[in-house]
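First comes the structure, then the notes that go with it.
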Amino acid sequence: MSTKGLFSLVVLLVGLIVASNTVYIVTEYQRAVVLQFGRLVQADVPPGLHFKIPFAEKVRKFDGRILTADMATESFFTVENKRLMVDSYIKWQVKDVETYYKATGGEEMIAENRLAQRVADGLRNQFGRRTLHDVVSGKRDELMSEITASINQDAVKSLGIEVKDIRVKRIDFPAEASQSVFARMAADREKEAREYRSQGKEQAEVISADADKQVAVLEANAYRDAERIRGEGDARAAAIFAEAYNKDPEFYSFVRSLNAYRQSFSGKEDLMVVDPKSDFFRYLKDPQGKN
Numbered sequence: 153m154s155t156k157g158l159f160s161l162v163v164l165l166v167g168l169i170v171a172s173n174t175v176y177i178v179t180e181y182q183r184a185v186v187l188q189f190g191r192l193v194q195a196d197v198p199p200g201l202h203f204k205i206p207f208a209e210k211v212r213k214f215d216g217r218i219l220t221a222d223m224a225t226e227s228f229f230t231v232e233n234k235r236l237m238v239d240s241y242i243k244w245q246v247k248d249v250e251t252y253y254k255a256t257g258g259e260e261m262i263a264e265n266r267l268a269q270r271v272a273d274g275l276r277n278q279f280g281r282r283t284l285h286d287v288v289s290g291k292r293d294e295l296m297s298e299i300t301a302s303i304n305q306d307a308v309k310s311l312g313i314e315v316k317d318i319r320v321k322r323i324d325f326p327a328e329a330s331q332s333v334f335a336r337m338a339a340d341r342e343k344e345a346r347e348y349r350s351q352g353k354e355q356a357e358v359i360s361a362d363a364d365k366q367v368a369v370l371e372a373n374a375y376r377d378a379e380r381i382r383g384e385g386d387a388r389a390a391a392i393f394a395e396a397y398n399k400d401p402e403f404y405s406f407v408r409s410l411n412a413y414r415q416s417f418s419g420k421e422d423l424m425v426v427d428p429k430s431d432f433f434r435y436l437k438d439p440q441g442k443n
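So the number in this note's numbering is just where the residue sits in the sequence shown, counting from 1, plus 152.
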């Protein structure tokens with residue numbers, strides 16, 4: 153290769169290097185600052201194609217999207233002095249690029265560590281003012297809203313970070329306290345079960361007593377009605393017998409005697425001592441019953 157060609161190649165390479173150090177692109181989901189010999193000269197560069205002084209200026213880009221930082225599990229105490237292991241996370245986003253760069257050097261890890269420290273202190277204060285029931289279920293949303301607003305105000309001012317949300321993923325008792333807690337919970341559930349069984353037994357006795365009362369009332373009413381109907385039937389039968397007797401007293405006496413004979417001599421071993429001259433044999437001696 154000739155000297156001229158080599159020179160042209162060197163010039164081309166130098167031009168490419170200079171061009172690559174002159175032009176830069178900031179995407180819509182990025183935030184950027186421009187440094188000149190390490191000094192911040194332009195903050196929050198807008199998205200698009202930009203130019204800088206090669207070698208003298210340097211561009212630092214940061215993720216401008218909402219980021220998630222998982223916090224390490226921390227130990228907090230409630231107002232009843234109950235120790236809890238809390239696992240939480242933070243949703244955050246760069247808001248003030250200049251403040252963010254000056255406070256963290258543009259390092260996500262540094263930003264998350266400082267933010268996590270502030271959130272841990274805030275959670276510790278909030279948990280220390282609330283009961284176990286409040287932090288577990290009762291007022292958790294209120295607690296998270298308060299701490300988010302409080303941490304966000306400080307984070308924007310000191311770190312250039314906007315805290316979008318802080319959430320508790322899980323709350324556990326320490327391992328050494330779990331067994332005693334579970335035993336106490338089991339005892340509480342057993343106590344509730346005994347109370348429910350006692351209430352159920354009491355209600356069963358009330359229902360059974362009411363059912364027995366209703367049965368007794370129904371049986372008494374049925375017996376009353378049966379006796380009334382039986383009495384009416386007996387009265388009706390007596391009336392019929394009386395009416396029949398009045399129509400033909402002699403025939404009625406004859407039928408009654410035949411029935412008496414049938415019942416008296418129905419068994420082969422029956423023995424009856426009766427005076428032959430008694431009225432019992434009146435119709436056997438004379439069909440007319442006169443003798």
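A virtual CB, placed ideally from N, CA and C, is assigned to each residue, including glycine.
In this structure, DSSP gives D317 an extended state, which the three-state scheme calls strand. If you draw a straight line from the Cα of E384 to the Cα of A412, it comes to about 26 Å. Pairing F214 with A255 gives a Cβ-Cβ distance that is not under 9 Å. Counting only runs that start and end inside the segment 304 to 386, the beta strand (DSSP E) elements of at least 3 residues fall at 313 to 324. A contact between stretches requires three or more CB pairs, one per stretch, nearer than 8 Å, and the segment 298 to 312 meets this requirement with the segment 233 to 247. If the five residues before and after N233 are omitted, its C-beta is found closer than 7 Å to no C-beta atom of its own chain. In the DSSP assignment, R282 falls outside any beta strand (DSSP E) and carries neither an H nor an E. The C-alpha of L267 is placed about 21 Å away from the C-alpha of Y181. Only residues of its own chain outside the window of five on either side were considered, and among them Y176 have a CB closer than 6 Å to the CB of H202, listed in chain order.
Leaving aside the five residues that flank R292 on each side, none in its chain has a CB nearer than 6 Å to its CB. The beta carbon of R217 sits closer than 8 Å to those of Y181, Q245, all from its chain and outside the five residues before and after it, given in chain order. Under the three-state reduction of DSSP, Y181 is assigned to coil, being neither helix nor strand.
Contact check between the segment 346 to 364 and the segment 275 to 295: fewer than three CB pairs, one atom from each, fall below 8 Å, which does not count as touching.
Rounded to the nearest angstrom, the gap between the Cα atoms of I318 and E264 is 13 Å.
Between H285 and A195, the alpha-carbon positions lie close to 46 Å from each other. Closest option to G190, judged by alpha-carbon separation, among V407, R212, P198, T174: R212. Taking the C-beta atoms as reference points, Y241 is found nearer than 9 Å to T220. Annotated as distal: D239 and K343, with beta-carbon spacing of 9 Å or more.
Secondary structure remark: continuous beta strand (DSSP E) runs of at least 3 residues inside the segment 221 to 284, in chain order: 226 to 229, 235 to 246. The Cβ-Cβ distance between K204 and V178 does not fall below 9 Å. Counting along the chain, V193 sits inside the beta strand (DSSP E) bounded by residues 191 to 194. V287 has its alpha-carbon roughly 21 Å from the corresponding atom of A335.
Here R270 has I303, D306, A307 as same chain residues with Cβ atoms under 7 Å from its own Cβ, once five neighbours each way along the sequence are excluded. Distances from the alpha-carbon of A272 to those of I299, F207, V231 put I299 closest.
Annotated as distal: L236 and D364, with beta-carbon spacing of 9 Å or more. In the DSSP assignment, G200 falls within the beta strand (DSSP E) that extends over 200 to 203. DSSP, read as helix, strand or coil, puts R212 in strand. Rounded to the nearest whole angstrom, the CA to CA distance from D340 to G258 is 53 Å.
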